[in-house]
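Inspection log for the structure reproduced underneath, given as structure tokens.
Residue numbers (the numbering used here), protein chains in the order written: chain A, 4 to 271; chain C, 4 to 295.
Printed below as a string of structure tokens:
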């Protein structure tokens, strides 16, 4: 049961979207977010929706999964939309009905914009993690942030920490399972009682887990030293990312989206 | 020339109050290039501590340690030592760094700054030697214990070390996994000419070595071929070590004045000796009176 925990929700696949360079995907996600905030017309959102839709179709990930990513945010979306509607001001739709004065054309427009914007935003950003494994993302981050090494930012160290953390998630999950079973066998009770009682019951799990994590860390450090680990200097990379033609295409299509959005903003 | 050498080595783990128990007392040991040496001993006898001295993870408190002809006490030798004296530990889970098998095997090569093309070649080579080539794209946490440990070994031999030190590499494995790992080790020793120093408390693994060093309380107790070492059954049992069952059987028979050879270690040898015994090769045992 505890093994089902997934981090970053990655769906392995072989589609074009999956095979894009992870650096391209990170950059284009940022780009896409910027474009979303630049949109000022309904037609602009339509363009963005078409862009998103083609990504979904190309990736082979089902619409159901995509909708699931938006679901937890339903409350925030409604909340933002309502507030935008109330505080927009402008011409009321039903000027003669007194208690509906707050409902304005501008308000409805802004509420719709906000809702669509958030939905497209969540879909787009979750698609990055859907189609890129966490380890690829870590590698890509290191590569993208490498210019920061010039100002002595610990880019390599951060990415090494991320890699090790990702590597040890399944190991520590297994261990938690074992410790829980061991404590249950000794009569520990994790299921009943109020929230404080249950939180307290977790201590006999956390303490052994922490101690074992320290022990593992020490052994891992020895093992890394034995394999000549000496920090990031003078290291070569096994996994090399190559920009391919498909990355160029992806960028081109994204630029087209931006062009379309700007054009629609100006024309309408 | 010996490839690993400890001269009058002593070592104390320093505690917070500055005192500590001496773990190694005046240990002298040398290992020849290309040999397969097993270090045998009870828990806490100092065998792991000794092993960690050979690539400079621990530095001697007294005496000196040389590996591939260089002193481990000199800081500038350490990178070269680490590359040439590879070390594998007990728990494979705590040695694997990456989330994909081939990336883990490449870890040491990345650290050494090996160019990318050369790296691919060496990763395939290393995985091939330990018979794990088919798993190169797998996630390590989904492999069995024996497979994980072989990945860990591949990660070391990708550096092309001259010596491989293994600290109880089979202690956490099931019998199948142990067999796989031992098979890989013998193959490395025989085909690749890598010197193997195997720390273990399994007798059947020690029996397969060229030489067995028995340690007790931080000292070398016995140091000889397996056949010679396992004749000292009384001594081994006194330091809480088992002997191979075949050796013990011969020892018991000898005790009863049956003139069987004592240098019998493996099941196969034991069967042959017993067959000879039944044919009367070792005298007529039937008329003998047995005490037990």
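Glycine is no exception: its CB is placed at the ideal position from the N, C-alpha and C atoms. Since the model is a prediction, treat every value here as computed from it, not as a measurement.
- For the segment 125-142 of chain A, the beta-carbon criterion of a distance under 9 angstroms to any beta-carbon of chain C is satisfied by 136, 137, 138.
- Separation of residue 129(C) and residue 33(A) (C-alpha to C-alpha, rounded to the nearest whole angstrom) is 40 angstroms.
- Flagged as an interface residue toward chain C: residue 223(A), by a C-beta distance shorter than 8 angstroms.
- Listed by position along chain C, the residues whose Cβ is nearer than 7 angstroms to that of residue 173(A) are 144.
- Burial state of residue 31(C) is exposed, judged by a 10 Å Cβ sphere holding fewer than 16 other Cβ atoms.
- A distance of 8 angstroms or more separates the beta carbons of residue 151(A) and residue 29(A).
- Beta-bridge partners assigned by DSSP to residue 41(C): 201(C), 215(C).
- A straight line joining the alpha-carbon of residue 129(A) with that of residue 72(A) spans about 7 angstroms.
- For residue 8(C), DSSP records a beta bridge to 33(C), 69(C).
- Taking C-beta atoms as the reference points, residue 99(C) and residue 202(C) fail to come closer than 8 angstroms.
- At a cut-off of 8 angstroms between beta carbons, residue 110(A) makes no contact with chain C.
- Sequence-distant Cβ neighbours of residue 36(C) in its own chain, meaning closer than 6 angstroms and more than five residues away, are 6, 198.
- Within the DSSP bridge table, the entry for residue 14(C) names 27(C) as partners.
- As the crow flies, the alpha-carbon of residue 14(C) is around 29 angstroms from that of residue 152(C).
- By the Cβ test, the segment 220-235 of chain A is in contact with the segment 87-97 of chain C, since at least three Cβ pairs between them sit closer than 8 angstroms.
- DSSP places residue 55(C) within a helical segment (H, G or I) once states are collapsed to three.
- Boundaries of the beta strand (DSSP E) around residue 222(C): 222-227.
- Membership of residue 108(C) in the alpha helix (DSSP H) is indicated by the continuous run 104-108.
- Across the set 257(C), 259(C), 253(C), 11(C), the C-alpha of 253(C) shows the shortest separation from the C-alpha of residue 275(C).
- Considering only 213(A), 36(A), 19(A), 92(A), the residue with the shortest C-alpha distance to residue 119(A) is 36(A).
- Around residue 232(A), the beta-carbon contacts reaching into chain C at under 7 angstroms are 114.
- Taking 8 angstroms as the cut-off, the Cβ atoms of residue 89(A) and residue 121(A) do not count as close.
- Taking 8 angstroms as the threshold, the shortest C-beta distance from residue 179(A) to chain C does not fall below it.
- The segment 113-125 of chain C and the segment 185-200 of chain A do not touch, with fewer than 3 CB-CB distances between them shorter than 8 angstroms.
- Cβ contact annotation for residue 27(A) (same chain, cutoff 8 angstroms, sequence separation greater than five): 246, 250, 253, 254, in chain order.
- Chain order gives the chain A residues near residue 85(C) as 228, 229, 230, 231, where near means a beta carbon separation below 8 angstroms.
- DSSP places residue 158(C) inside the alpha helix (DSSP H), whose first and last residues are 148-160.
- Cβ neighbours of residue 210(C) within its own chain (closer than 6 angstroms, five residues either side excluded): 229, 247, 268.
- Under the 8 angstroms criterion on CB atoms, residue 119(C) is classed as interfacial with respect to chain A.
- In this structure, residue 84(A) lies away from residue 107(A), with their beta-carbon atoms at least 8 angstroms apart.
- Pairing residue 176(C) with residue 158(C) gives a Cβ-Cβ distance that is not under 8 angstroms.
- Residue 193(C) sits exposed, since fewer than 16 C-beta atoms from the chains shown fall within 10 Å of its C-beta.
- DSSP places residue 90(C) in the uninterrupted beta strand (DSSP E) bounded by 88-91.
- Two segments are said to touch when three or more pairs of C-beta atoms, one from each, lie closer than 8 angstroms; by this definition the segment 127-141 of chain C does not touch the segment 61-68 of chain C.
- 237, 238, 239, 240, 241, 242, 243: these are the residues of the segment 234-267 of chain A whose beta carbon lies less than 8 angstroms from some beta carbon of chain C, given in chain order.
- Spanning the alpha carbons of residue 54(A) and residue 63(A) requires a straight line of approximately 15 angstroms.
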